[in-house]
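Under the numbering used here, the residue at position 17 of the sequence shown is numbered 81, and the numbers go up by one with no gaps.
For every residue, glycine included, the Cβ atom is placed at its ideal position computed from N, Cα and C.
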Amino acid sequence: MRRVKSKNIKGRAVKSMRCVNSNPKKSKWGQYAPAGGCDEIVYNVDKETTSALCWKCTSRSVSRTGKIHLME
Ligand SMILES: [Zn+2]
């Protein structure tokens, strides 16, 4: 079972969760996931959030037209 830690920051309930691309097949951003899925943790997202995209996948999605170099 996956445990989700939650806490409060300035009265706002937040949690940390795996990048939604940890399961690229279920993610609508799966095309931006690295091979094998993404292991990034996204911190301090709203407690009600059901999916969060990490900055790495976000940057891949926004720089799709440009070439970015990733350390493999
Ligand atoms: Zn990611």
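Just the C-alpha distance for residue i and residue j, rounded to the nearest angstrom, thanks.
i: M135; j: S91; result: With a pLDDT of only 49 at M135, under the threshold of 50, the placement of this residue in the model should not be trusted; the figure read from the coordinates follows. In a straight line, the C-alpha of M135 is about 23 Å away from that of S91.
i: S80; j: Y107; result: 4 Å
i: R76; j: C102; result: 27 Å
Going along the chain, which residues of its own chain have a beta-carbon closer than 6 Å to the beta-carbon of residue i, five neighbours each way excluded?
i: S115; result: V84
i: S100; result: One detail in the question is off: residue 100 reads as Gly in this sequence, not Ser. Around G100: no qualifying Cβ.
i: R124; result: Y96
Please identify the residue among the options whose C-alpha is closest to the C-alpha of residue i.
i: R82; options: N72, A97, G75; result: A97
i: S86; options: N72, N108, K120; result: K120
i: P88; options: S127, V126, L117; result: L117
i: A122; options: W93, I105, E112, T113; result: In the sequence on display, residue 122 carries Thr and not Ala. Considering only alpha carbons, the answer is W93.
Can you give me the Cβ contacts of residue i inside the same chain, cut-off strictly under 8 Å, excluding the 5 residues immediately before and after it?
i: K69; result: K79, S80
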